[in-house]
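Q: Below is a structure I'd like to ask you about.
2 protein chains.
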Amino acid sequence: MSDTTEPTDDQTATTGQNDPDDLAVAHRLADAARSAILPWFRAGTLVADNKATQGFDPVTEADRASEVAMRALLAELRPDDGVWGEEMGQTEGTSGRIWVLDPIDGTRGFLSGTPTWGVLIALARAGAVPEPILGMVDQPYIGERFFGGIDVPPEVHGPLGRAALSTRPTARLEDAILFTTFPEVGTKAEGQAFRRVADRVRLVRYGMDCYAYALLAAGQIDLVIEAGLYAYDVLGPMGVIQAAGGIVTDWQGGPAGNGGQVVAAANVELHRAALELLQDRTSH
Amino acid sequence: MSDTTEPTDDQTATTGQNDPDDLAVAHRLADAARSAILPWFRAGTLVADNKATQGFDPVTEADRASEVAMRALLAELRPDDGVWGEEMGQTEGTSGRIWVLDPIDGTRGFLSGTPTWGVLIALARAGAVPEPILGMVDQPYIGERFFGGIDVPPEVHGPLGRAALSTRPTARLEDAILFTTFPEVGTKAEGQAFRRVADRVRLVRYGMDCYAYALLAAGQIDLVIEAGLYAYDVLGPMGVIQAAGGIVTDWQGGPAGNGGQVVAAANVELHRAALELLQDRTSH
Chain P
14 MSDTTEPTDD
24 QTATTGQNDP
34 DDLAVAHRLA
44 DAARSAILPW
54 FRAGTLVADN
64 KATQGFDPVT
74 EADRASEVAM
84 RALLAELRPD
94 DGVWGEEMGQ
104 TEGTSGRIWV
114 LDPIDGTRGF
124 LSGTPTWGVL
134 IALARAGAVP
144 EPILGMVDQP
154 YIGERFFGGI
164 DVPPEVHGPL
174 GRAALSTRPT
184 ARLEDAILFT
194 TFPEVGTKAE
204 GQAFRRVADR
214 VRLVRYGMDC
224 YAYALLAAGQ
234 IDLVIEAGLY
244 AYDVLGPMGV
254 IQAAGGIVTD
264 WQGGPAGNGG
274 QVVAAANVEL
284 HRAALELLQD
294 RTSH
Chain G
14 MSDTTEPTDD
24 QTATTGQNDP
34 DDLAVAHRLA
44 DAARSAILPW
54 FRAGTLVADN
64 KATQGFDPVT
74 EADRASEVAM
84 RALLAELRPD
94 DGVWGEEMGQ
104 TEGTSGRIWV
114 LDPIDGTRGF
124 LSGTPTWGVL
134 IALARAGAVP
144 EPILGMVDQP
154 YIGERFFGGI
164 DVPPEVHGPL
174 GRAALSTRPT
184 ARLEDAILFT
194 TFPEVGTKAE
204 GQAFRRVADR
214 VRLVRYGMDC
224 YAYALLAAGQ
234 IDLVIEAGLY
244 AYDVLGPMGV
254 IQAAGGIVTD
264 WQGGPAGNGG
274 QVVAAANVEL
284 HRAALELLQD
294 RTSH
């Protein structure tokens, strides 16, 4: 971005909204995370080796390098904004805005070499429940980046070029594709609630980590249901999905910005149908 | 390859082994499959749209286009070899060799937009149980290709360049990462056998389709256990994994070239440990 288009800190603090330069900042964060992470991906993740070298863990190394790189950029480019990262906790800001970072979401996928982990970046309005202004899901190995937000048209940039993102209109659970990462989902009760939905849909798939949320934003799947999430797991995907026309709430239909039990749906009809089964209203 | 290095048909038929040009043929097949498939990937897979256009199904279209493209090349380049494709059945050859093709392995992953499906190519010795001479697993969207065989050093060509493949020495189930595609695995008994292994390992992950076998060859994971496979599901991955130092058999330790119940292991120790639990020898 040119200097002439850069807003003053006052403008940013006043609007509390996305301005064009925030997207450029998010791209720079994701670029920095990619460079920090990729040297560690598929680089000697032998369990035996880890033990032999006193706890060397490439996932932890990559996770930290990614967050350090993003925090350094934010300190330079957005000194008034808060930062909340998975690895290094919260840094207070004065702008009412907070960058929420998961330097590697899906560390078990990363450890296994799958292309399903990602870097999650959100710019959010601070508050009791943070609300995403801008969200980004980046998959460094594929070289694929999904993003969108308030006033930021949702797009994917990837191996096949650039495309707009839009969730799809699948209206019935019977036609829906549902993803979650682990079959057990969470607690026993959470697993049972998940399976009430899973038993009704056309197809259930597992193991995609944050990539599942990107596929929902891209109109490829219809539902993602997970439990036990943190704010940094959900705010980045939430920003992208909402910009693409989808809905992300907790299992009670309330705001999902603090994580916990999360349901992401392609549209209101599917969201309503999933919530009913998650809450088991039919059996009471 | 230059014309001067191309063997005569007689040489090929006599050795029944891999010669350098077979690898070039396999690369050309995978290139053709990529070109045929990618226009269909993430291109309007709306369920509602499918019905509206009388059964239009992008997965089926891509599957067929991929196999047609590969068969056309084989008819030209290897007219004496047999061809066995998932979509179009068996074409007899006279050379004692057969190209075994799965034009898209993981159609449900493809349908969902995940980067876990692949094109599987094997050159095998024909027989009651085909044995792979050369195997290839290609992921067109990532642009990543795993291959190896008898006299073909195993390699991956991907977003980060080229690297040799080698399975890893994890010796104990307690340190192993196990993958399968569906949590139910197969029949109820097959699911129970799988869970005897799953309960012992460090980490179980799902949903990777054929990509799991590639990760095993790359030394990222230790075990893949599946059931209900066909020859075209297993021969390509088997060629790569064997070249990388791994072992692929059925659950009884016999040849896996006809599919069925398949266990792929990074090394002999893990393979033995997994077979014992799959067969439940301990409880008899």
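Going down the list, the sequences are from chains P and G. Heads up: the first sequence begins at 14 in the working numbering, then just goes up one per residue. Heads up: the second sequence begins at 14 in the working numbering, then just goes up one per residue. Glycine residues also receive a C-beta, built at the ideal position from the N, C-alpha and C atoms.
For the segment 133 to 187 of chain G, which segments carrying the beta strand (DSSP E) assignment without a break, of at least 3 residues, lie completely within its bounds, in sequence order?
A: Entirely contained in the segment 133 to 187 of chain G, the beta strand (DSSP E) runs reaching 3 residues are, in chain order, 144 to 152, 157 to 162, 165 to 171, 174 to 177.
Q: Reducing DSSP to helix, strand and coil, say where G:Pro71 ends up.
A: Looking up residue 71 of chain G in the second sequence gives position 58. The answer is helix: DSSP assigns G:Pro71 an H, G or I state.
Q: Closer than 6 Å by C-beta to G:Gly258: which residues in its own chain qualify, once you throw out the five before and the five after it? Chain order, please.
A: For the purposes of this step, residue 258 of chain G is taken as the residue at position 245 of the second sequence. Here the set comprises Ser179, Thr180.
Q: Decide if G:Thr200 is buried, meaning its Cβ has at least 16 other Cβ atoms within 10 Å, or exposed.
A: As a first step, residue 200 of chain G must be located in the second sequence, where it is residue number 187. Classification for G:Thr200: exposed.
Q: Apart from the five residues just before and just after G:His284, which ones in its own chain have a Cβ nearer than 6 Å to its Cβ?
A: Locating residue 284 of chain G in the second sequence gives position 271, where the first residue counts as 1. If we look at G:His284 and ignore the five residues flanking it on each side, its Cβ neighbours are Ile260, Ala278.
Q: Chain G partners of P:Ser79, CB-CB under 9 Å?
A: For the purposes of this step, residue 79 of chain P is taken as residue 66 along the first sequence, with counting starting at 1. Those within 9 Å of P:Ser79 in chain G number zero; the least Cβ separation is about 17 Å.
Q: So the beta strand (DSSP E) P:Glu239 belongs to, where does it begin and stop?
A: By 1-based counting over the first sequence, the position of residue 239 of chain P is 226. 236 to 242 is the extent of the beta strand (DSSP E) around P:Glu239.
Q: Taking 6 Å as the limit between beta carbons, can you name the residues of its chain near G:Glu289, skipping five residues before and five after?
A: Walking along the second sequence from the start, residue 289 of chain G turns up at place 276. Closer than 6 Å at the Cβ level, and outside the excluded window around G:Glu289, lies no residue.
Q: By the DSSP assignment, the beta strand (DSSP E) with G:Val198 in it spans what residues?
A: Counting from 1 along the second sequence, the entry for residue 198 of chain G is found at position 185. Element bounds for G:Val198: n/a, residue is neither H nor E.
Q: Could you work out which residue in P:Gly98, P:Pro92, P:Phe123 is closest to P:Asp108 when comparing CA atoms only?
A: Within the first sequence, numbered from 1, the residue matching residue 108 of chain P stands at position 95. Looking at the sequence shown, residue 108 of chain P is not Asp but Ser. For P:Ser108, the nearest C-alpha among the options comes from P:Pro92.
Q: Show which residues of chain G have a CB atom less than 7 Å away from the CB atom of P:Tyr219.
A: In the first sequence, the residue the question calls residue 219 of chain P occupies position 206. Pro196, Tyr219, Gly220, listed in chain order.
Q: Is the beta carbon of P:Ala139 sitting closer than 8 Å to the one on P:Met83?
A: Residue 139 of chain P sits at position 126 when you count from the first residue of the first sequence. Residue 83 of chain P sits at position 70 when you count from the first residue of the first sequence. Not in contact: P:Ala139 and P:Met83 (Cβ atoms no closer than 8 Å).
Q: For G:Thr104, which three-state DSSP category applies?
A: If you number the second sequence from 1, residue 104 of chain G lands on position 91. In the structure shown, G:Thr104 sits in a strand (DSSP, three-state: E or B).
Q: For a contact defined as C-beta to C-beta under 8 Å, what are the partners of G:Gly156 on chain P?
A: If you number the second sequence from 1, residue 156 of chain G lands on position 143. Neighbours of G:Gly156 on chain P, chain order: Pro172.
Q: Can you tell me which of G:Trp112, G:Ala269, G:Gly131, G:Thr183 puts its alpha carbon nearest to the alpha carbon of G:Leu236?
A: As a first step, residue 236 of chain G is located in the second sequence; it is residue number 223 there, counting from the start. It is G:Thr183.
Q: State the beta-bridge partners of P:Arg110 as determined by DSSP.
A: Within the first sequence, the letter at position 97 stands for residue 110 of chain P. Partner(s): P:Arg138.
Q: Identify, in the order they occur along the chain, each residue of the same chain with its Cβ nearer than 7 Å to the Cβ of P:Ala211, setting aside the five sequence neighbours on each side.
A: On the first sequence, residue 211 of chain P is found 198 positions in, with the first residue counted as 1. Excluding sequence neighbours, P:Ala211 sits near Leu191, Val217.
Q: Taking C-alpha atoms, which residue in G:Arg55, G:Ala227, G:Val247, G:Ala202 lies nearest to G:Leu124?
A: Sequence index remark: in the second sequence, residue 124 of chain G carries index 111 (1-based). The shortest C-alpha separation from G:Leu124 is found at G:Arg55.
Q: I believe G:Leu242 touches G:Gly270 by the beta-carbon criterion, under 8 Å. Please report the beta-carbon distance rounded to the nearest angstrom.
A: Taking the first residue of the second sequence as position 1, residue 242 of chain G is located at position 229. Taking the first residue of the second sequence as position 1, residue 270 of chain G is located at position 257. Going by Cβ atoms, the distance from G:Leu242 to G:Gly270 rounds to 11 Å, so no, they are not a contact pair.
Q: Output the distance between the C-alpha atoms of G:Ala227 and P:Glu157, rounded to the nearest integer angstrom.
A: Residue mapping note: residue 227 of chain G aligns to position 214 of the second sequence, counting from 1. Residue mapping note: residue 157 of chain P aligns to position 144 of the first sequence, counting from 1. Computed Cα separation, rounded: 21 Å.
Q: Helix, strand or coil for P:Pro52 per DSSP?
A: For this step, residue 52 of chain P is matched to residue 39 along the first sequence. It is helical.
Q: At the 8 Å Cβ level, is G:Asp126 part of the contact set with chain P, yes or no?
A: The residue labelled residue 126 of chain G in the question sits at position 113 within the second sequence. This sequence places Gly at residue 126 of chain G; Asp is not what is there. Interface residue, yes.
Q: With a Cβ-Cβ cutoff of 8 Å, do G:Leu133 and G:Gly220 count as a contact?
A: As a working mapping, residue 133 of chain G is identified with position 120 in the second sequence. As a working mapping, residue 220 of chain G is identified with position 207 in the second sequence. No.
Q: Considering Cα atoms alone, identify which of G:Ala43, G:Ala135, G:Pro153, G:Pro166 is closest to G:Trp97.
A: The residue given as residue 97 of chain G occupies position 84 in the second sequence. Nearest of G:Ala43, G:Ala135, G:Pro153, G:Pro166 to G:Trp97, Cα basis: G:Ala135.
Q: Spell out whether any CB of chain P is found under 8 Å from the CB atom of G:Thr66.
A: Taking the second sequence and counting its residues from 1, the one referred to as residue 66 of chain G is at position 53. Reliability of the predicted coordinates at G:Thr66 is poor, the pLDDT of 46 falling under 50, and the value obtained from them is presented with this limitation in mind. No - not a single Cβ of chain P is within 8 Å of the one on G:Thr66.
Q: Excluding the 5 residues flanking G:Val281 on each side, which residues of the same chain have their C-beta closer than 8 Å to its C-beta?
A: For the purposes of this step, residue 281 of chain G is taken as residue 268 along the second sequence, with counting starting at 1. Ile260, listed in sequence order.
Q: When the distance is taken between beta carbons, is G:Thr262 closer than 8 Å to G:Val7?
A: The first residue shown for chain G is 14 and the last is 297, placing residue 7 of chain G beyond what the model contains.
Q: Please name the residue, chosen from P:Pro128, P:Glu100, P:Glu168, that lies closest to P:Ile254 on a Cα-to-Cα basis.
A: Translated into the one-based positions of the first sequence, residue 254 of chain P becomes position 241. Ranking the options by Cα distance to P:Ile254, first place goes to P:Glu168.
Q: Any residues in the segment 120 to 145 of chain P with a beta carbon nearer than 9 Å to a beta carbon of chain C? Which ones, in chain order?
A: In the displayed structure, chain C is absent; the protein chains listed are P and G.
Q: Measuring straight from C-alpha to C-alpha, what distance separates P:Ile238 and G:Pro52?
A: As a first step, residue 238 of chain P must be located in the first sequence, where it is residue number 225. As a first step, residue 52 of chain G must be located in the second sequence, where it is residue number 39. If you take the alpha carbons of P:Ile238 and G:Pro52, they lie about 30 Å apart.
Q: Examine chain G for any beta-carbon lying closer than 8 Å to the beta-carbon of P:Gln233, and answer yes or no.
A: Locating residue 233 of chain P in the first sequence gives position 220, counting from the first residue. By this cut-off, P:Gln233 is an interface position.
Q: Determine the contact status of G:Ala240 and G:Val198, defining contact as a CB-CB distance below 8 Å.
A: Counted from its first residue, the second sequence places residue 240 of chain G at position 227. Counted from its first residue, the second sequence places residue 198 of chain G at position 185. In this structure, G:Val198 lies closer than 8 Å to G:Ala240 by Cβ.
Q: Identify the residues that DSSP records as bridge partners of P:Asp118: which are they?
A: On the first sequence, position 105 is the one that residue 118 of chain P refers to. According to DSSP, which records beta bridges pairwise, P:Asp118 is partnered with P:Gly131.
Q: Among the residues of its own chain, which have a CB less than 8 Å from the CB of P:Arg41, if the five just before and after it don't count?
A: Locating residue 41 of chain P in the first sequence gives position 28, where the first residue counts as 1. For P:Arg41, where only same-chain residues beyond five positions count, the Cβ hits under 8 Å are Leu86, Leu90.
Q: Go ahead and pull the three-state DSSP assignment for G:Val96.
A: Working through the second sequence from its first residue, we reach residue 96 of chain G at position 83. Three-state DSSP puts G:Val96 in a strand.
Q: When the distance is taken between beta carbons, is P:Gly126 closer than 8 Å to G:Ala231?
A: Here residue 231 of chain G refers to the residue found at position 218 of the second sequence. Here residue 126 of chain P refers to the residue found at position 113 of the first sequence. Yes, they are a contact pair.
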